[in-house]
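The sequence shown lines up with residues 19 to 344 when you count with our numbering.
By construction, the Cβ of each residue, glycine as well, lies at the ideal position given by its N, Cα and C atoms.
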Amino acid sequence: MIKIMLSAVIALCCICCSFGNDMLLNEDFQRIFYYKYGQSNAPSRFLVLEKTDSSGNLVCHYLGSSRRIAVKPSHTVKLDFYETSPVFMISQSAIYNFAHQQKNNLPLQLAKTLHDPHGRMLKFSEFENAARQFRKELRRITRNRSADVEQEDKIDAVYLLLEKTPLTEIIRSTAAAQDWVLALAMYRNLSTIMLLPLAKAFPGSAILDDVRKIIADCENELCTALLRQLKQSNVRREQFKKHYPQAGGLWNELPPADYQGIKKLFERSMQSYFNLDKISRLTEPQEWGSAVLDVLLLLEGTPAAAELEKEFDSEMRRLEKSAKQQ
19 MIKIMLSAVI ALCCICCSFG NDMLLNEDFQ RIFYYKYGQS NAPSRFLVLE KTDSSGNLVC
79 HYLGSSRRIA VKPSHTVKLD FYETSPVFMI SQSAIYNFAH QQKNNLPLQL AKTLHDPHGR
139 MLKFSEFENA ARQFRKELRR ITRNRSADVE QEDKIDAVYL LLEKTPLTEI IRSTAAAQDW
199 VLALAMYRNL STIMLLPLAK AFPGSAILDD VRKIIADCEN ELCTALLRQL KQSNVRREQF
259 KKHYPQAGGL WNELPPADYQ GIKKLFERSM QSYFNLDKIS RLTEPQEWGS AVLDVLLLLE
319 GTPAAAELEK EFDSEMRRLE KSAKQQ
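If you want it as structure tokens, here you go:
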């Protein structure tokens, strides 16, 4: 009996390895881990857990590869995703973290390593490259200490840079494609990219007011376009309301009046997405459908949301068929 109990304890220890305050559970198998000490010649920094060995090490394969490795749990960071997690799910987390300017955005690093069939990471990379180029050129301008280069010349060079940078145009094109999640996340980083470094380089300069106007114009365009879309009639919302007349959610509230309201809408819509995997479409169809509509407020019509739309439409057809049979 003692031997049996000892074996059970050993087996349990193999399943539950300490991650600081976290524990490795059965549900962690096939989960993605970030390897903090990955080598440059490794296929990836992301590992997929297969099992634990007798020493408590994690036996994993590199994401996207059959090559295996055993690593110490303390050398990894456990992510919220599995090998089978949809790219859309990972990109949602990545973009949300980017909106909040979170450092060490591992979901973003992960999303960049995967094939994104929706093109969101391609658009994000376009924005990221434009931001990097803007900062690089601004540093070149401000660090120029040549005797014949005066402050006015530097400011003129900055104005030319502001004219050439595609940052705001990328945001507009993203909004035009109806990916409001990504467009709003980009916009929320615009002041950090453009205004803050300029305020440091040219404190008190009139150019700062011009940059504020560029940012304000971009904000006004986003608000106007999004509010116009939110006020339009929507077939999916009308269908859902027909079957669940008492249902309520973000989707049937009055549209926000200003950008501050849009920021709150962004947060609540994203929270509805993150809550979706906790809601059963079969046992909680009303709550599930309401959460989907909250998500679609900022994503309807985009390639990224196509599967979610398909699932919602299938549920509406089922409800319609059921109602006709009664």
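Tell me whether residue i sits in a helix, a strand or coil according to DSSP, three-state version.
{"i": "Ile232", "result": "helix"}
{"i": "Tyr55", "result": "coil"}
{"i": "Glu327", "result": "helix"}
{"i": "Ile113", "result": "helix"}
{"i": "Ile225", "result": "helix"}
{"i": "Arg49", "result": "strand"}
{"i": "Glu333", "result": "helix"}
{"i": "Ser340", "result": "helix"}
{"i": "Asp295", "result": "helix"}
{"i": "Glu256", "result": "helix"}
{"i": "Tyr277", "result": "helix"}
{"i": "Arg85", "result": "coil"}
{"i": "His79", "result": "strand"}
{"i": "Leu300", "result": "coil"}
{"i": "Tyr100", "result": "strand"}
{"i": "Asn39", "result": "In this prediction, Asn39 has a pLDDT of 32, which is less than 50 and means its spatial position is unreliable; nothing more can be read from the coordinates."}
{"i": "Glu239", "result": "helix"}
{"i": "Lys90", "result": "coil"}
{"i": "Thr70", "result": "strand"}
{"i": "Leu124", "result": "helix"}
{"i": "Phe64", "result": "strand"}
I think residue i touches residue j, with their Cβ atoms under 8 Å apart; what is that distance to the nearest whole Å?
{"i": "Phe142", "j": "Leu202", "result": "About 13 Å; that fails the 8 Å criterion."}
{"i": "Leu317", "j": "Ala323", "result": "4 Å"}
{"i": "Gly137", "j": "Pro274", "result": "Their Cβ separation, rounded to whole angstroms, is 27 Å, which puts Gly137 and Pro274 out of contact at 8 Å."}
{"i": "Leu208", "j": "Cys236", "result": "7 Å"}
{"i": "Trp198", "j": "Leu244", "result": "6 Å"}
{"i": "Lys54", "j": "His93", "result": "5 Å"}
Compute the distance between the beta-carbons of residue i and residue j, then report whether it is under 8 Å.
{"i": "Ser298", "j": "Asp312", "result": "no"}
{"i": "Leu226", "j": "Ala217", "result": "yes"}
{"i": "Arg230", "j": "Ala117", "result": "no"}
{"i": "Tyr80", "j": "Ser103", "result": "no"}
{"i": "Leu315", "j": "Leu248", "result": "yes"}
{"i": "Cys78", "j": "Val89", "result": "yes"}
{"i": "Arg49", "j": "Tyr100", "result": "yes"}
{"i": "Ser111", "j": "Pro125", "result": "yes"}
{"i": "Leu185", "j": "Met212", "result": "yes"}
{"i": "Ile183", "j": "Phe152", "result": "As written in the sequence, residue 183 is Thr, which differs from the Ile given in the question. Yes, these two residues count as a Cβ contact at 8 Å."}
{"i": "Met334", "j": "Gln257", "result": "yes"}
{"i": "Gln278", "j": "Thr210", "result": "no"}
{"i": "Leu132", "j": "Val105", "result": "yes"}
{"i": "Val176", "j": "Ile189", "result": "no"}
{"i": "Gln196", "j": "Gly319", "result": "yes"}
{"i": "Lys154", "j": "Asn162", "result": "no"}
Considering only C-alpha positions, which residue in the set the options is nearest to residue i?
{"i": "Met204", "options": "Asp134, Thr192, Ser111 and Asp295", "result": "Thr192"}
{"i": "Leu14", "options": "Gln344, Glu181, Gln250 and Leu76", "result": "The structure shown does not extend to residue 14, since the chain spans only 19 to 344, so no value can be given for it."}
{"i": "Asp46", "options": "Lys69, Pro215 and Glu327", "result": "Lys69"}
{"i": "Phe51", "options": "Asn59, Ser72, Ile87 and Ser73", "result": "Ile87"}
{"i": "Ser223", "options": "Ser251, Arg246 and Glu170", "result": "Glu170"}
{"i": "Glu325", "options": "Ser84, Pro135, Ile159 and Leu97", "result": "Pro135"}
{"i": "Val66", "options": "Pro263, Leu128, Arg190 and Ile173", "result": "Leu128"}
{"i": "Ala341", "options": "Lys260, Thr242 and Asn270", "result": "Lys260"}
{"i": "Ser83", "options": "Asn270, Tyr53 and Phe64", "result": "Phe64"}
{"i": "Gln264", "options": "Asn122, Asp276 and Gln304", "result": "Gln304"}
{"i": "Leu255", "options": "Val105, Glu327, Leu132 and Ile232", "result": "Looking at the sequence shown, residue 255 is not Leu but Arg. When only C-alpha atoms are compared, the closest one is Glu327."}
{"i": "Asp331", "options": "Val253, Asn270, Asp276 and His133", "result": "Val253"}
{"i": "Ile232", "options": "Tyr262, Leu132, Glu187 and Ser109", "result": "Glu187"}
{"i": "Ser109", "options": "Pro215, Arg336, Met288 and Ala149", "result": "Met288"}
{"i": "Ala149", "options": "Asp98, Asn123, Pro215 and Leu97", "result": "Pro215"}
{"i": "Thr242", "options": "Asp276, Lys281, Asp295 and Gly266", "result": "Asp276"}
{"i": "Leu337", "options": "Leu294, Ser72, Lys282 and Tyr262", "result": "Tyr262"}
{"i": "Asp71", "options": "Leu300, Leu42, Gly56 and Asp174", "result": "Leu42"}
{"i": "Ala194", "options": "Phe292, Asp98, Arg85 and Arg246", "result": "Arg246"}
{"i": "Met107", "options": "Lys281, Phe292, Ile280 and Leu200", "result": "Phe292"}
{"i": "Leu300", "options": "Asn123, Leu272, Ile280 and Glu329", "result": "Glu329"}
{"i": "Glu146", "options": "Asp98, Leu200 and Glu271", "result": "Leu200"}
{"i": "Asp228", "options": "Asp295, Lys130 and Asp174", "result": "Asp174"}
{"i": "Ala60", "options": "Asn44, Arg85 and Leu76", "result": "Arg85"}
Of all Cβ atoms in chain B, is any one closer than 8 Å to the Cβ of residue i?
{"i": "Leu300", "result": "No chain B appears in the structure shown, which is made up of a single protein chain."}
* Unbroken stretches of the alpha helix (DSSP H), 4 residues or longer, contained in the region 133–193 -> Those alpha helix (DSSP H) runs which fall completely within the region 133–193 and span 4+ residues are 138–160 and 169–182.
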